[in-house]
Amino acid sequence: LRSEGYRVCSIKIDPYINVDAGLMSPFEHGEVYVLGDGGEVDLDLGNYERWMSTSLTREHNITTGKVYNTLIQRERQGKFLGKTVTLVPHFTNEVVEHIERVSRIPVDGSGQPPQICLIELGGTVGDLESAPFIEALRTLRFTIPPQDFCLMHCTYLPVMGGTQKTKPTQHSCRALLSLGLTADFLVCRSEQVIQDSTKEKLSQLCGIKSKYILGAHNLQSLYDVPALLANQGVVDKLRHKLHLDHDFPAIVPPMNFPNVETFKQFSHILRNPSKMVRIAFVGKYLQHGTDAYFSVLQAFEHCCIALGVGIEFLWIDSTYLEGVASEEQTEQVAQELKVEAEAQLKNVDGIFVAGGFGKRGVDGKVRAAQIARECNIPYLGVCLGMQVAMIDIARNLLKLPGCHSEEFEPECENKICLLYTSP
2 LRSEGYRVCS
12 IKIDPYINVD
22 AGLMSPFEHG
32 EVYVLGDGGE
42 VDLDLGNYER
52 WMSTSLTREH
62 NITTGKVYNT
72 LIQRERQGKF
82 LGKTVTLVPH
92 FTNEVVEHIE
102 RVSRIPVDGS
112 GQPPQICLIE
122 LGGTVGDLES
132 APFIEALRTL
142 RFTIPPQDFC
152 LMHCTYLPVM
162 GGTQKTKPTQ
172 HSCRALLSLG
182 LTADFLVCRS
192 EQVIQDSTKE
202 KLSQLCGIKS
212 KYILGAHNLQ
222 SLYDVPALLA
232 NQGVVDKLRH
242 KLHLDHDFPA
252 IVPPMNFPNV
262 ETFKQFSHIL
272 RNPSKMVRIA
282 FVGKYLQHGT
292 DAYFSVLQAF
302 EHCCIALGVG
312 IEFLWIDSTY
322 LEGVASEEQT
332 EQVAQELKVE
342 AEAQLKNVDG
352 IFVAGGFGKR
362 GVDGKVRAAQ
372 IARECNIPYL
382 GVCLGMQVAM
392 IDIARNLLKL
402 PGCHSEEFEP
412 ECENKICLLY
422 TSP
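The numbering of the sequence shown is our numbering, which starts it at 2 and goes up by one.
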């Protein structure tokens, strides 16, 4: 829709009690995305901002904790005039009012309010924590004209015995219907291309026309997704459902916005790199995947597209470079892991050391910086990665005693990095 010239914004609803994602563990929730106004949100909203080339605000993220916080503050100030504050209508009305207010904030540099607002409600239909938001969306649907609301329900099609099973989607649609909402579109995630017979079955049992059932199977690159949806006519179908051509004529975007052909070119470059480089990625949040470093990986991917090269990552846990025994491993195993990790570091084209919090694994990152320096391997350190490079210089090149960052050793003899608290 953005590439077609419409002004679009996005709102992400997260049904957790946290006020925002700022204090959530990267192990559980992946990396925190920081917006232009300092708002700390989850990766989904960050992806929307990246892909749509918009500038979102902290108000574009709604959480259960944020709504409760607002309601409690208003109740303590006496603004409810002694009424009993309940989920319905007070919580749901607050969500609806928040959506209506935020959806009018200009985000694309044009200075004009968006024509279309994309709202994602996280979680699963039937979850207790998302029920108040589903009720809020039901309320929203009946407070605006029918042509102004379109519900796209994302479901999963598991494969058992070589057959795509529709039962989970059937039950999900019925659960949604029991809560007062009917899906206008189905977006079916699956491992393989959705079969025509599966579409027909879903259409019959879920009450949705087959042409409004979109397949979203696994693809090699994220940049293939826009082309997949465009080939299924998603823009024309949304235009028809939302009466866009009549009510909201498209305008020329205020910036050089990429279109489907651009994304196809990106995907082609990633599939056919001119050469490959090996990069050692040193971090300490690698145990549960790489979502904790998503922005960094996106930056690497953008570099690949710009330079026409591919990257083979070597994932190295910084704690392995310390060679210290723990509850999970003996001294001998710890030393073996250290030797192996150091050997891997010496056989790459570049070393990247990521940021992090807490003292765990910091000395391992210092060792990675030392190896890069001594072996003349290109090095890039971000945040903590820059600190450890300076600590390595002070300890191993200048031979200064007791060198560390004040962040980890407040009483050390030589503080290489100092902490300053903003007033």
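Yeah, the Cβ is synthetic: ideal placement off N, Cα and C, and Gly gets one too.
Under the three-state reduction of DSSP, which class applies to Gly47: helix, strand or coil? Taken through DSSP and simplified to helix, strand or coil, Gly47 comes out as helix.
Could you tell me the distance, in whole angstroms, from the CA atom of Pro424 to the CA atom of Glu410? Confidence in Pro424 is poor, its pLDDT being 49 and thus under 50, which makes the residue's placement too unreliable to answer from.
Residue range of the alpha helix (DSSP H) that includes Asn62: For Asn62, no alpha helix (DSSP H) run applies; the uninterrupted beta strand (DSSP E) run containing it begins and ends at 62 to 64, by DSSP.
Excluding sequence positions up to five away, which residues of its chain have a Cβ less than 6 angstroms from the Cβ of Arg3? For Arg3, where only same-chain residues beyond five positions count, the Cβ hits under 6 angstroms are Val9, Met53, Phe258.
Beta-carbon proximity check, Ser406 vs Ile417, cutoff 8 angstroms: A contact, by the Cβ cut-off of 8 angstroms.
Backbone CA spacing between Ala355 and Gln345 [nearest angstrom]: Rounded to whole angstroms, Ala355 to Gln345 spans 17 angstroms at the Cα level.
What are the start and end residues of the beta strand (DSSP E) that includes Met277? Annotation: the continuous beta strand (DSSP E) that includes Met277 extends over 277 to 284.
Per DSSP, what kind of secondary structure is Asn19 in: helix, strand or coil? Note: Asn19 maps to coil in three-state DSSP.
Take Gln266 as the anchor and find which of Ser131, Ile378, Pro227 has the nearest alpha-carbon. That would be Pro227, whose Cα lies nearest to the Cα of Gln266.
By how many angstroms is the C-alpha of Arg59 removed from the C-alpha of Leu287? The straight-line gap from Cα to Cα measures roughly 28 angstroms.
Taking all protein chains shown into account, do 16 or more other C-beta atoms lie within 10 angstroms of the C-beta of Glu329, making it buried, or fewer, making it exposed? Its Cβ having fewer than 16 others within 10 Å, Glu329 is exposed.
Taking Cβ positions, are Pro428 and Thr156 nearer each other than 8 angstroms? Because the chain spans 2 through 424 in this model, residue 428 falls outside it and cannot be assessed.
Sequence-distant residues of the same chain with beta carbon closer than 6 angstroms to Ile195, five excluded per side: Non-local C-beta neighbours of Ile195 in its own chain, meaning closer than 6 angstroms and more than five positions away in sequence, comprise Cys189, Gly216, ordered along the chain.
Contact belief for Arg142 with Leu180 at Cβ below 8 angstroms, rounded distance in angstroms: A Cβ-Cβ separation of about 11 angstroms leaves Arg142 out of contact with Leu180 under the 8 angstroms criterion.
What does the alpha-carbon distance come out to for the pair Pro255 and Leu57? With a pLDDT of 49 at Pro255, under the threshold of 50, the modelled position of that residue is not reliable, and the figure given next carries that caveat. In this model, Pro255 and Leu57 are separated by some 16 angstroms (Cα to Cα).
Go to Lys416, then tell me how far its beta strand (DSSP E) extends in each direction, as first and last residue. Residues 415 to 418.
Rounded to whole angstroms, what's the CA-CA distance from Glu95 to Arg175? Just pull it up for me. About 27 angstroms.
So what's Ile352 in DSSP terms, helix, strand or just coil? DSSP places Ile352 in the strand class (E or B) of the three-state scheme.
Check whether Leu203 and His154 have beta carbons under 8 angstroms apart: In this structure, the beta-carbon distance from Leu203 to His154 does not fall below 8 angstroms.
From the DSSP output, read off the bridge partner residues of Gly216. Gly216 is bridged by DSSP to Cys189.
Which residue or residues does DSSP assign as beta-bridge partners of Ser11? Answer is Leu119.
At the level of alpha carbons, what is the spacing between Gly311 and Gln371? Approximately 26 angstroms, taken between the alpha carbons.
Skipping 5 residues on each side, what residues in its chain have a beta carbon closer than 6 angstroms to that of Tyr34? Only Val42, Leu44, Gly47 meet the Cβ criterion.
Exposed unless 16 or more other CB atoms sit within 10 angstroms - verdict on Ser173: Looking at its Cβ environment, which holds 16 or more other Cβ atoms inside 10 Å, Ser173 is buried.
Just checking, does the stretch 115 to 122 make contact with the stretch 70 to 88 on the three C-beta pairs under 8 angstroms criterion? At 8 angstroms Cβ cutoff, the stretches do not touch.
Along the alpha helix (DSSP H) that carries Asp237, what are the first and last residues, could you check? Looking at the DSSP string, the run of the alpha helix (DSSP H) that includes Asp237 is 235 to 243.
Proximity of Asp225 and Glu32 at Cβ, strictly below 8 angstroms: Cβ distance not < 8 angstroms, so Asp225 and Glu32 don't count as in contact.
Excluding sequence positions up to five away, which residues of its chain have a Cβ less than 7 angstroms from the Cβ of Val235? Around Val235: Leu215.
Once you ignore the five residues that flank Pro274 on each side, which residues in its own chain have a CB closer than 8 angstroms to its CB? Correct list, in chain order: Cys305, Gly309, Val310, Gly311.
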